[in-house]
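See below for the structure under consideration.
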Amino acid sequence: MMNNRTVERATLGGLLLLTLGACSLPAVILGTVFVKGLPAIDWAFLTRESRDFGAGGGIFYQTLGTLTLMIGAAAVSLPIALGATLFQTEFLDSKPIKQVLRLLMYSLNSVPTIIFGLIGYMFFGVLLQTGVSWLTGTLILAVMILPTMQMSLLEAIESLPLRYREAGRAMGLSAWQEIKSIVVPQSFFGIVTGTLLGLARAGGETAAIMFTATVFSGVRLPSSWTDPVTTLQTHILVLAQEAVNPQALTNAWGAGLVLLALVFVLILGSLALRARWPMEAER
Amino acid sequence: MKEQTDALEMRGVSIHFDDKTVFQDIRCRFRPLAVTGIIGPSGSGKTTLLRTFNRMNDKIDGFRVRGQVFVHGREIYTNGVDVSRLRRKVGMVFQKPCIFPKSILDNVVFGLKHLHPERHREFPDLAEQCLREVFLWDEVKDRLRRPGHTLSHGQQQRLAIARALIVKPRALLMDEPTSALDPKSSRAIEELIVSLKEKHTILLVTHNLEQARRVSDETVFVCEGRVCETGRTPDLFADPHCRETRDYLEQGN
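One line per chain: the protein sequences are W and R, in this order. Residue numbers in the first sequence follow the working numbering, run continuously in steps of one, and reach 1147 at the last position. Residue numbers in the second sequence follow the working numbering, run continuously in steps of one, and reach 256 at the last position.
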C-alpha cells in the first residue's frame, strides 16, 4: 500500500514529465527548423528567384505568393466576418438562432482543410471558372479562415463593456452610429488581432491550396486573375518529396524557416495587441 | 398647461423582466424644472424606473412594460416613437462616467458629431458653453486636446454631464452620479445638479439620503414594486406617511 504522500508525489512527477514533454515538442520542432534552415538564409536567398528546381537561387516569388494568398484571403474574409459578427451582436436578439449560428461556425472550423480545397475548387475553380489560380486559392483560404476570424471578432466585440454602448445609446445614437462610433473603434485592437490570427492560419495552410492555386516553378507574379502563383508551402513540399540535391534540401528548410517566421511574427503581433487592447477600452 | 406638458409621468405602469414583476401598476409624476430624488432600498427598481423614461431597458432580455409613460406630454412606448429623438430630449448620466479614449473636446462633442456633423465649425463654441455649464471650463480650457482619461473621476463625471447637455436635452436622468466619487467631488456635482434645474427636469436616483435631502425639491420613495410615497423633500423626510418610508429613513440615519 502506498501512502497518500507517495501518491501525491508520483502524480506531481507524472504531471511534470507530461508538461516537459509538451513543452519540449515545439522546442524540438522549432530548433530543428532553425538549425537546418539557417545555413540557407542570406540576403540573396530572400531576394532572388528560385533556379535549378530549388537547388539554386532563392525564394523571393514563393514568399510573395504566400503573402498574396494570405493577405488576399484576409481582405476577403474580414468584411464578411465583421458583418456576420455585427449582425449577431447588434441586431439578432433571438438566443436559439445565435446558438445555431455559433454551432455552424464551430462546424465550419472543424472541417478538414483538404475538404475546403476540394469543394472550393469545384465551386470557384470549375463552376465559376477561375481555374488553378491565385484567385481560387485566395477565395478558398478566405472561406477557411472565416470561422477563425469570426470567433476572434465575436470575442472582442462581446467583451466590450455595456456601459460604452449605453453611453452612446443614451445620446440618441442609432444602431448604425453605435457600430461606427463605439463598437468598432472600441474593439479595434481585437479586430486587428483576429485578422492577424486569420492571416497566420492562412499562411500555415498547404493542403487546400496545393492543387488549386499553386505550381512549383516557372511563375513569378500573377498577371491576371486566373494565373497560379508559387508559394513557400508548395516549394517546401515538392523539394522535400523530390529533391536529391543536398543544397535543395537545405533550401527547403530555409523556406520552412521563412514561413515559420512569417506566421510567428503575425501571432506575436496579435498577442502584443491583445495585451494592449483591454487597456484601450478599460475592460 | 406648460407645466403639464413638460412633466415626466407614468400612468398605471407595470414593468416585468421575464416572469419577475419589478413594478405593479404604478402612477407617478415628476415636476418639471425641479430635481426629484428617487430613493429606496437596493433592488427596489429605482434604476429600472429611471431607465424606463428613455427606453434604455429595451435591449434587456425579457423586459416588458405595460401602461402609459409620458415624456413632455407624449406617450413613448406606442408604435412609431423615434427612440433616438426621445433620448436626445431625455439625457442620461451614469453611475460611472464612461469617457471614450479620445480628447476632452472630442468627448464633449461626441453626440453632436452624429446629429449635426455639418455644424462642426460651431463645435468649439458649443463645447465651451457646455463645459462652462458644468463648471469645468476653467479647469480644462488649456488642455482640451488631452485625453479624457487624464481628468480626475469627479472631472470625468462633469465631462460626461457636459456631453449629455450638448445635445440640448430637456430632462436629465441621473443614476447615482456621485456614488463612485469622493465627498468633495460629490459636493461639486450636487451643486451642479441644483444649477441645472433652472433649465432641466432632473430625476436623481441616489442611495445617499443626505444627498436627496440637500439636492432634491421632491422625493419619491420606491419599495417592493410600488411607489410608496411622493412629496416635497422636507415634508417627506420630516413626516413620512408610509411605514416603509419611515423604517427606511430611520435605518439610513
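Backbone N, C-alpha and C fix where the C-beta goes; we use that ideal spot for every residue, glycine too. As the structure is a computational prediction, the values presented were derived from the model and not from experiment.
{"query": "CA-to-CA distance, Gly40(R) to Ile192(R), given in whole angstroms", "result": "14 Å"}
{"query": "Range covered by the beta strand (DSSP E) that runs through Gly234(R)", "result": "229-235"}
{"query": "Proximity winner among Ile107(R), Leu129(R), Gly157(R), Gly76(R), relative to Ala174(R) (alpha-carbon distances)", "result": "Gly76(R)"}
{"query": "Under 8 Å by beta carbon: chain W residues contacting Ser87(R)", "result": "Gly1036, Leu1037, Ser1038"}
{"query": "CA-to-CA distance, Arg146(R) to Ala1145(W), given in whole angstroms", "result": "Model confidence at Ala1145(W) stands at a pLDDT of 48, short of 50, so the residue's coordinates are unreliable; what they give is reported in the following sentence. Roughly 21 Å separates the two Cα atoms."}
{"query": "Closer than 9 Å to chain W by CB, Gly48(R)", "result": "no"}
{"query": "Per-residue burial, Glu194(R) [other beta carbons within 10 Å of its own, 16 or more giving buried]", "result": "exposed"}
{"query": "Assigned secondary structure, Val871(W) (DSSP; H/G/I helix, E/B strand, else coil)", "result": "helix"}
{"query": "Proximal chain R residues relative to Gln1041(W), where beta-carbon distance stays under 7 Å", "result": "His117"}
{"query": "Proximity test, Cβ basis, 9 Å: Val111(R) and chain W", "result": "no"}
{"query": "Helix, strand or coil at Gly83(R) [DSSP, three-state]", "result": "coil"}
{"query": "8 Å Cβ cut-off: residues of chain W touching Lys99(R)", "result": "Arg1027"}
{"query": "Glu253(R) at chain W interface by Cβ criterion, 9 Å", "result": "no"}
{"query": "Gly234(R) to Met1013(W) span [Cα, whole Å]", "result": "56 Å"}
{"query": "Enclosing alpha helix (DSSP H) for Met1015(W) [first to last residue]", "result": "998-1022"}
{"query": "Neighbour list for Asn60(R) in chain W, Cβ cutoff strictly below 8 Å", "result": "Those do not exist, as Asn60(R) stays about 11 Å from chain W at its closest Cβ, beyond 8 Å."}
{"query": "Within chain W, the residues that Ala167(R) reaches when beta carbons sit closer than 8 Å", "result": "Ala1034, Met1035"}
{"query": "Exposure of Leu967(W), with buried meaning 16 or more beta-carbon neighbours within 10 Å", "result": "exposed"}
{"query": "Cross-strand partners of Leu206(R) (DSSP beta bridge)", "result": "Thr39(R), Leu176(R)"}
{"query": "Leu991(W) versus Ile983(W): straight-line alpha-carbon distance, rounded", "result": "11 Å"}
{"query": "CB contact below 9 Å: Thr1030(W) versus chain R", "result": "In the sequence on display, residue 1030(W) carries Glu and not Thr. Yes, its Cβ sits closer than 9 Å to a Cβ of chain R."}
{"query": "Extent of the continuous alpha helix (DSSP H) to which Cys133(R) belongs", "result": "126-136"}
{"query": "Spatial distance of Thr55(R) from Gly46(R) (CA atoms)", "result": "16 Å"}
{"query": "Below-9 Å beta-carbon distance, Gln1050(W) vs any chain R residue", "result": "yes"}
{"query": "Among Leu1026(W), Phe1080(W), Leu1024(W), Ala1034(W), the one whose alpha carbon lies nearest that of Ala163(R)", "result": "Ala1034(W)"}
{"query": "Touch test, the stretch 123-134 of chain R against the stretch 97-114 of chain R, Cβ-Cβ under 8 Å, three pairs minimum", "result": "yes"}
{"query": "Any C-beta of chain W under 9 Å from that of Glu57(R)", "result": "The question names Glu, yet the displayed sequence has Asn at residue 57(R). Output row for Asn57(R): interface = yes."}
{"query": "Exposure label - Ser974(W); buried when at least 16 CB within 10 Å", "result": "exposed"}
{"query": "Outcome for Ala1064(W) when other beta-carbon atoms lying within 10 angstroms are tallied against a minimum of 16", "result": "buried"}
{"query": "Cβ-Cβ distance between Ile265(R) and His210(R) below 9 Å", "result": "Shown here, chain R extends from 4 to 256; a query on residue 265(R) therefore has no answer."}
{"query": "Ile893(W) at chain R interface by Cβ criterion, 9 Å", "result": "no"}
{"query": "Contact set for Ser941(W): own chain, Cβ-Cβ below 7 Å, skip 5 residues either direction", "result": "Ala1006, Ile1009, Leu1010, Met1013, Gly1062"}
{"query": "For Leu206(R) and Val218(R), believed in contact at Cβ under 8 Å, the rounded distance", "result": "The Cβ separation is near 12 Å, so there is no contact."}
{"query": "Met969(W) to Met934(W) span [Cα, whole Å]", "result": "21 Å"}
{"query": "Closest residue to Glu136(R) among Ala165(R), Thr181(R), Ser182(R) (Cα-Cα distance)", "result": "Ala165(R)"}
{"query": "C-beta neighbour in chain W for Ala163(R), strict 9 Å", "result": "yes"}
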